[in-house]
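Heads up, the sequence shown is in full-length UniProt numbering, so the first residue is 1 and it goes up one at a time.
We treat Cβ as the ideally placed atom computed from N, Cα and C, and that holds for glycine.
Just so we're clear, the structure is a prediction, and the values are computed from it rather than from any experiment.
In what follows, a single structure is set out as structure tokens and then discussed.
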Amino acid sequence: MKKLKVGVLVSGRGTNLQSIIDNIEKGELPAEIAIVISNVHGAYALTRAENHNIKTAVIDHKGYKSREEFEKVLIDVLKKEEVELVCLAGFMRLFSPFFLNTFKHRVMNIHPALLPSFPGVHAQKQAIDYGVKVSGCTVHFVDEGTDTGPIILQEAVKVLDDDTE
Numbered sequence: 001m002k003k004l005k006v007g008v009l010v011s012g013r014g015t016n017l018q019s020i021i022d023n024i025e026k027g028e029l030p031a032e033i034a035i036v037i038s039n040v041h042g043a044y045a046l047t048r049a050e051n052h053n054i055k056t057a058v059i060d061h062k063g064y065k066s067r068e069e070f071e072k073v074l075i076d077v078l079k080k081e082e083v084e085l086v087c088l089a090g091f092m093r094l095f096s097p098f099f100l101n102t103f104k105h106r107v108m109n110i111h112p113a114l115l116p117s118f119p120g121v122h123a124q125k126q127a128i129d130y131g132v133k134v135s136g137c138t139v140h141f142v143d144e145g146t147d148t149g150p151i152i153l154q155e156a157v158k159v160l161d162d163d164t165e
């Protein structure tokens, strides 16, 4: 079976990335990670990727005059690696229609709440502050809104009294 070439975009610790890596290594996910790209120098997610001999790159958005300029560089790298699916795994940037149209229906996001509840940043804190008894995770396709794209998968978990963000 042909494996899907995935580009994973990260900004932080890489716990979602690690889960993807683990599931690929167990044979549960028919994919290969072509590249892991971070917009943050020193993001621990890059170390996680390097520990599994996965190619990495840092493309810091702060080094570009515009979002479009940053996205053009990102697109060039993803195309060079022949990426078929872009996975946002804790990537803390929003994309313009320009980027999303380049990878139309091929950008997925992992969001730490049950959408449509608690979109945007700090979703776990929002859920705890609201007092929900059940929260979870949503995987969805990315559209031009914030966490509004079509839902692919959701998994619910109980919120415990001592849970924190």
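Check	Outcome
Quick check: what's the CA-CA separation for methionine 92 versus valine 10?	8 Å
State the Cα-Cα distance for the pair leucine 115 and threonine 138, rounded to the nearest angstrom.	6 Å
If you drop the 5 nearest sequence neighbours on each side, which residues of the same chain put their C-beta closer than 8 Å to that of leucine 29?	Ile20 and Asn23
Less than 6 Å between C-beta atoms, sequence neighbours within five positions excluded: which residues of the same chain meet that for leucine 4?	Ala31, Glu84 and Leu85
Please work out which residues of its chain come closer than 6 Å, Cβ to Cβ, to lysine 55, disregarding the five sequence neighbours upstream and downstream, and give them in chain order.	Ile35
Where are the alpha helix (DSSP H) runs, 4 residues long or more, that stay fully inside the segment 3 to 84, in chain order?	15 to 25, 44 to 50 and 67 to 80
With DSSP as the reference, please indicate the residues paired to glutamine 154 in a beta bridge.	Thr138
Is the distance from the Cβ of valine 134 to the Cβ of lysine 104 below 8 Å?	no
Count the other CB atoms, across all protein chains shown, that sit within 10 Å of the CB of histidine 122; report buried if there are 16 or more and exposed otherwise.	exposed
Per DSSP, which one or two residues make a beta bridge with asparagine 109?	Leu88 and His140
First and last residue of the alpha helix (DSSP H) that includes leucine 94?	No alpha helix (DSSP H) contains leucine 94, which DSSP labels as neither H nor E.
Determine the DSSP secondary structure at lysine 133, reduced to helix, strand or coil.	coil
Since histidine 140 and isoleucine 128 are thought to touch, with beta carbons under 8 Å apart, how far apart are those beta carbons, to the nearest angstrom?	No, histidine 140 and isoleucine 128 are not in contact; Cβ-Cβ is about 21 Å, not under 8 Å.
Under three-state DSSP, which class holds lysine 104?	coil
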